[in-house]
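Student: These protein sequence lines are chains A and B, in that order.
If you're matching positions, the first sequence starts at 1 in the numbering used here and goes up one per residue.
If you're matching positions, the second sequence starts at 479 in the numbering used here and goes up one per residue.
In this text, a Cβ means the ideal position worked out from N, Cα and C, and glycines have one as well.
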Amino acid sequence: MPEKELDRAVQGEYKLGFEIDIEQDTVPPGLDEETIRFISRKKEEPEWMTQLRLKALRRWKSMEEPRWGHLYYEPIDYQSISYFSAPKKGPESLDEVDPKILEAYDKLGIPLEEQKQLAGVKVAVDAVVDSVSVKTTYSEELKKHGIIFCSISEAIRDYPELIKKYMFSVVPMNDNFFAALNSAVFTDGTFVYIPKGVRCPMELSTYFRINALNTGQFERTLIVADEGSYVSYNEGCSAPMRDENQLHAAVVELVALKDAEIKYSTIQNWYPGDEEGKGGIYNFVTKRGICEENAKISWTQVETGSSITWKYPSCILKGDNSVGEFYSVAVTTLAQQADTGTKMIHLGKNTSSTIISKGISAMKGQNIYRGLVKIGANATGARNYSECDSLLIGDRCGAHTFPYLESKDAHGQVEHEATTTKISDEQLFYLRQRGIGEEDAVSMIVHGFCKEVFSQLPMEYAVEAKALLNLTLEGSVG
Amino acid sequence: MSAIMKIENLHATIGGKEILKGLNLDLEEGKVHAIMGPNGAGKSTLSKAIVGHYDVKITDGDIIYKGESIVDMEPEERALEGIFLSFQNPVEIPGVNNAYFLRTAVNAKRVHEGKEELNAAQFLRLMKELVNELGMKTEMINRSLNEGFSGGEKKRNEILQMMMLQPELIILDEIDSGLDIDALRAVSEGINKMKDGKRSFLVITHYSRILDYIQPDYIHVLKDGAIVKTAGAELVAELEEKGYAALEEA
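#1: Buried or exposed: where does A:Ile281 fall if 16 or more other Cβ atoms within 10 Å of its Cβ makes it buried?
#2: Which runs of the beta strand (DSSP E) at least 3 residues long sit entirely within the region 222 to 251 of chain A? Give them in chain order.
#3: Roughly how many angstroms separate the alpha carbons of B:Asp533 and A:Lys451, rounded to a whole number?
#4: Compare the beta carbon distance of B:Ala709 and B:Ile692 with 8 Å and say whether it is the shorter of the two.
#5: Please classify A:His411 as buried or exposed, where buried requires at least 16 neighbouring CB atoms within 10 angstroms.
#6: Given that A:Ser424 touches chain B, what residues does it touch there, using C-beta distances under 8 Å?
#7: Beta-carbon of B:Thr491 versus every beta-carbon of chain A: anything under 8 Å?
#8: Taking a cut of 9 Å between CB atoms, which residues from the region 452 to 464 of chain A lie near chain B?
#9: Closer than 7 Å between beta carbons: that is the criterion. Which residues of the region 23 to 43 of chain A meet it against chain B?
#10: A:Arg383 versus chain B: which residues are under 7 Å apart at the beta carbon?
#11: Between B:Ser655, B:Lys484, B:Thr616, B:Glu507, which has its C-alpha nearest B:Gly500's C-alpha?
#12: Name the residues in the region 534 to 555 of chain B whose C-beta lies less than 9 Å from a C-beta of chain A; which are they?
#13: Using a C-beta to C-beta distance shorter than 8 Å, which residues of chain A count as neighbours of B:Gln639?
#14: Could you tell me the distance, in whole angstroms, from the CA atom of A:Cys150 to the CA atom of B:Ser564?
#15: Which of the three DSSP states, helix, strand or coil, is assigned to A:Pro28?
#16: Should A:Gln136 go down as buried or exposed, given a rule of 16 or more other Cβ atoms within 10 Å for buried?
#17: Quick one: any contact between the region 246 to 261 of chain A and the region 291 to 298 of chain A, if contact means 3 or more CB pairs under 8 Å?
#18: Where do the N-terminal and C-terminal ends of the alpha helix (DSSP H) with A:Val453 fall, by residue?
#19: Going along the chain, which residues of its own chain have a beta-carbon closer than 7 Å to the beta-carbon of A:Val477, five neighbours each way excluded?
#20: Give me the chain D residues within the contact set of B:Val529, using Cβ-Cβ distance strictly less than 8 Å, ordered along the chain.
#21: Give me the residue from B:Gly518, B:Glu552, B:Tyr578, B:Glu496 with the minimum Cα distance to A:His447.
#22: My parser needs the alpha helix (DSSP H) runs of 4 or more residues fully inside the region 545 to 578 of chain B; what are they?
#23: Can you list the beta strand (DSSP E) stretches of 3 or more residues lying completely in the region 324 to 402 of chain A, in chain order?
#24: Excluding sequence positions up to five away, which residues of its chain have a Cβ less than 7 Å from the Cβ of B:Ile528?
#25: Cβ of B:Gly494 less than 8 Å from any chain A Cβ?
#26: Is the region 677 to 689 of chain B touching the region 635 to 643 of chain B in the sense that three or more CB pairs, one from each, lie closer than 8 Å?
#27: Which value, in whole angstroms, describes the spacing of the CA atoms of A:Leu254 and A:Ser307?
#28: Could you tell me if A:Pro91 is buried or exposed, where buried requires 16 or more neighbouring beta carbons within 10 angstroms of its beta carbon?
#29: Does the beta carbon of A:Asp259 sit closer than 8 Å to a beta carbon anywhere in chain B?
#30: So for B:Asn670, helix, strand or coil by DSSP?
#31: By a C-beta neighbour count over all protein chains shown, 10 Å radius and 16 as the cutoff for buried, is A:Met459 buried or exposed?
#32: Under DSSP, the alpha helix (DSSP H) around A:Glu140 begins and ends at which residues?
#33: Where A:Gln117 and A:Leu204 are concerned, what is the direct C-alpha to C-alpha distance, given to the nearest angstrom?
#34: Work out the CA separation of A:Ile152 and A:Tyr327 for me, nearest whole Å.
#35: What is the DSSP secondary structure of A:Trp68, counted as helix, strand or coil?
#36: Below 8 Å on the Cβ atoms is my guess for B:His511 versus B:Leu680; work out the distance and round it to an integer in Å.
The following block contains the structure:
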């Protein structure tokens with residue numbers, strides 16, 4: 001098929017690129033101790049938190065930006081970024097949330113008025129615009145179950161014992177360059193605590209929106225599932241279309257105590273930039289979870305946005321019989337680059353992990369799978385299954401797979417399969433000969449390729465993910 | 479008689495090499511036309527040219543279908559206008575559910591014809607009925623399209639699609655290759671059921687075996703890129719006996 005037609009079919013359209021027209025309070029660009037104190041003051045944080053941030057800043061200053069990713073971009077000037085921006089109006093109750101923000105979230109398909117939600121499908125939402133959480137829904141109802149669902153800023157003020165115990169416990173502040181930066185300047189994000197034996201009665205979600213110009217978003221999420229509890233959490237995100245690159249460096253920590261289960265799903269749709277690689281979000285994210293005995297953490301991600309993605313949601317399988325899963329669809333089109341994958345660290349006995357990674361590249365997109373399976377000396381009976389498939393659409397894109405294996409236990413069972421397929425002309429033609437239009441045919445083949453991952457998403461998010469994939473890969477019809 | 483398709487002085491190349499060299503052929507409405515010929519004569523190229531396959535470049539001549547030239551039409555437009563090709567080697571499409579695919583195709587055609595789309599229940603009832611009729615396993619409905627199907631299952635699946643889509647011109651490219659006798663019978667019964675006096679068939683085959691099951695009205699012999707002989711069904715026996723080489727002297 002001619003390259004031009006394929007491009008038209010896959011260049012999509014970014015429909016969430018609007019700007020919310022609100023008054024914002026933005027700190028001037030630059031990063032030093034004073035910036036940190038400013039953020040801490042704005043958030044009315046206790047002194048111990050300020051001190052932790054300052055410690056992280058000192059660590060960060062002594063670290064170097066990692067360059068091992070298969071990614072090409074101009075050096076980031078960390079002094080030209082503004083590290084705090086918030087809508088001016090205070091968000092104390094829903095009535096006080098700026099109507100323009102409510103409208104914007106409606107436009108994104110995320111109603112913040114509880115009664116607007118469909119009957120029967122309750123999803124609690126924490127809405128974050130730039131550096132602050134503007135609204136958390138259903139907090140009261142969840143409280144009845146003993147569940148804490150609030151912004152991380154509130155949690156630092158209201159639940160200091162939990163924060164002191166678990167924050168930095170999975171991703172230490174000096175874990176890596178971007179995690180250290182986040183530890184110093186993190187602005188908002190979500191905190192979830194599920195008490196012992198409680199099964200969270202609804203889906204929890206956070207929707208992140210970058211709005212302000214020249215501002216980075218540095219959110220921090222911490223989810224603690226106490227013994228025998230269960231929670232399914234989802235995050236989504238978007239940003240306005242701008243010609244400048246914007247930095248997003250988040251940290252997510254998951255703690256699954258004995259017999260607990262956390263399902264964490266991401267639909268990442270940051271602005272991807274244009275065909276020449278101009279604009280778009282630089283997405284450098286550290287996500288990691290720790291599993292105690294019999295616990296399970298399952299990461300599912302659908303990555304369609306950002307100009308650069310650097311992200312490896314990982315599991316430390318510390319407890320015996322614990323389970324880690326990673327299901328990923330990463331799409332790179334236009335000039336997007338993604339270096340993504342996972343780390344499964346097997347420490348406990350009879351731990352098992354599954355990795356299913358699907359990379360789709362179109363136009364000039366570059367898709368890299370990078371994964372590590374590490375089996376410790378005491379992890380007898382550890383098992384891993386990895387499957388990494390790449391689908392290429394057209395001739396100018398690329399896919400690379402870097403699987404690493406470190407095994408200290410000779411009996412560990414590790415299986416790895418990798419395939420790269422080009423979307424075949426013969427498949428497209430077959431569908432078209434049955435009367436299915438070219439764009440629908442491409443989308444049908446791509447959806448088929450992603451099926452194993454989509455089936456892991458909660459139903460309403462699976463629908464969203466499929467729609468998003470269509471939008472990303474197809475020119476809008478009609 | 480009225481022709482559903484007229485192929486006029488068709489010249490076509492594949493990868494720069496001329497395969498069809500001035501082919502003329504009229505297909506009559508409601509009739510079964512068989513194209514026979516030795517390997518490399520251009521049989522598959524002819525079927526590809528009719529459905530608009532990307533391998534084939536038409537350099538001269540025309541294909542008129544229902545009174546209009548189709549050589550510039552997209553493959554999906556030709557399909558929606560009623561041209562169906564049963565592929566010689568149907569391609570596998572992993573993860574695409576067979577029923578979902580076929581429902582999309584059936585509804586695309588219905589929308590094109592200004593009819594209402596079939597809902598999932600209506601569609602499945604129809605599909606299950608035909609699946610049983612063709613002696614296919616019910617589980618085939620929810621398998622991935624052609625993935626891991628045996629040769630016979632793939633061909634039955636092609637016939638299933640044909641019966642669901644109700645096309646007007648049906649091209650069967652080596653439909654009998656790789657079929658055991660039971661599959662051949664089921665497939666032929668499906669095809670014979672589709673004969674209604676209006677629908678036309680173009681049966682492309684190297685061997686005459688299939689023609690014992692589907693009675694052709696006309697036999698065309700394709701050799702070196704052109705039709706060299708046209709006759710009634712009696713030609714089959716002659717070809718069986720003497721082979722294609724004998725036509726040289728004829």
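Tutor: For this structure:
#1: The residue is buried, with at least 16 neighbouring Cβ atoms inside 10 Å.
#2: Entirely contained in the region 222 to 251 of chain A, the beta strand (DSSP E) runs reaching 3 residues are, in chain order, 230 to 238, 245 to 248.
#3: When the Cα atoms are used, B:Asp533 and A:Lys451 turn out to be separated by approximately 30 Å.
#4: No, these two residues do not count as a Cβ contact at 8 Å.
#5: With fewer than 16 other beta carbons inside 10 angstroms of its own, A:His411 counts as exposed.
#6: Going along chain B in sequence order, the residues near A:Ser424 (Cβ under 8 Å) are Val569.
#7: No, its Cβ sits nowhere closer than 8 Å to a Cβ of chain A.
#8: Within the region 452 to 464 of chain A, the residues whose Cβ lies closer than 9 Å to some Cβ of chain B are Glu452, listed in chain order.
#9: Against chain B - using a Cβ distance shorter than 7 Å - the region 23 to 43 of chain A contributes no residues.
#10: The premise fails here: A:Arg383 is roughly 25 Å from chain B at the closest Cβ pair, so nothing lies under 7 Å.
#11: Ranking the options by Cα distance to B:Gly500, first place goes to B:Lys484.
#12: Taking 9 Å as the Cβ-Cβ cut-off, the region 534 to 555 of chain B approaches chain A at Glu552, Pro553, Glu554, Glu555, given in chain order.
#13: Under a criterion of Cβ atoms nearer than 8 Å, the residues of chain A adjacent to B:Gln639 are, in order, Arg434.
#14: In a straight line, the C-alpha of A:Cys150 is about 59 Å away from that of B:Ser564.
#15: A:Pro28 falls in the coil class under three-state DSSP.
#16: In the sequence under discussion, the amino acid at residue 136 of chain A is Thr, which differs from the Gln named in the question. Buried is the call here.
#17: Yes, the region 246 to 261 of chain A is in contact with the region 291 to 298 of chain A.
#18: In this chain, the alpha helix (DSSP H) harbouring A:Val453 covers 438 to 454.
#19: Only weak support is given to the placement of A:Val477: the predicted model assigns it a pLDDT of 25, under 50, and the value that follows is read from those uncertain coordinates. By the criterion of a C-beta distance shorter than 7 Å, A:Val477 is surrounded in its chain by Glu439, once the five residues flanking it on both sides are discounted.
#20: The chain inventory of the structure shown lacks chain D, comprising the protein chains A and B.
#21: Nearest to A:His447 by C-alpha distance, out of B:Gly518, B:Glu552, B:Tyr578, B:Glu496, is B:Tyr578.
#22: Counting only runs of 4 or more, we get 553 to 558.
#23: Within the region 324 to 402 of chain A, the beta strand (DSSP E) runs of at least 3 residues that lie entirely inside it are, in chain order, 337 to 346, 352 to 362, 366 to 375, 383 to 393.
#24: Excluding the 5 residues flanking it on each side, B:Ile528 has same chain C-beta neighbours closer than 7 Å at Ile541, Ile561, Ile649, in chain order.
#25: With 8 Å as the cut-off, B:Gly494 does not count as an interface residue toward chain A.
#26: Inter-segment contact for the region 635 to 643 of chain B and the region 677 to 689 of chain B is absent: fewer than three beta-carbon pairs are separated by less than 8 Å.
#27: When rounded, the distance between both Cα atoms is 26 Å.
#28: Any reading at A:Pro91 must be qualified, since the residue scores a pLDDT of 49, below 50, and its modelled position is unreliable; no value is offered.
#29: In terms of beta-carbon proximity, A:Asp259 stays away from the interface with chain B, with every pair separated by 8 Å or more.
#30: DSSP places B:Asn670 in helix when its eight states are reduced to three.
#31: By the neighbour-count criterion, in which 16 or more other beta carbons inside 10 Å mark a residue as buried, A:Met459 falls on the exposed side.
#32: That run of the alpha helix (DSSP H) goes 139 to 143.
#33: Confidence is the limiting factor: at A:Gln117 the pLDDT is only 48, short of 50, which leaves the residue's position unreliable, though a coordinate-based value still follows. Rounded to whole angstroms, the gap between the alpha carbons of A:Gln117 and A:Leu204 is 13 Å.
#34: For A:Tyr327 and A:Ile152, the distance between alpha carbons rounds to 27 Å.
#35: The answer is coil: DSSP assigns A:Trp68 none of H, G, I, E or B.
#36: 5 Å between Cβ atoms; contact.
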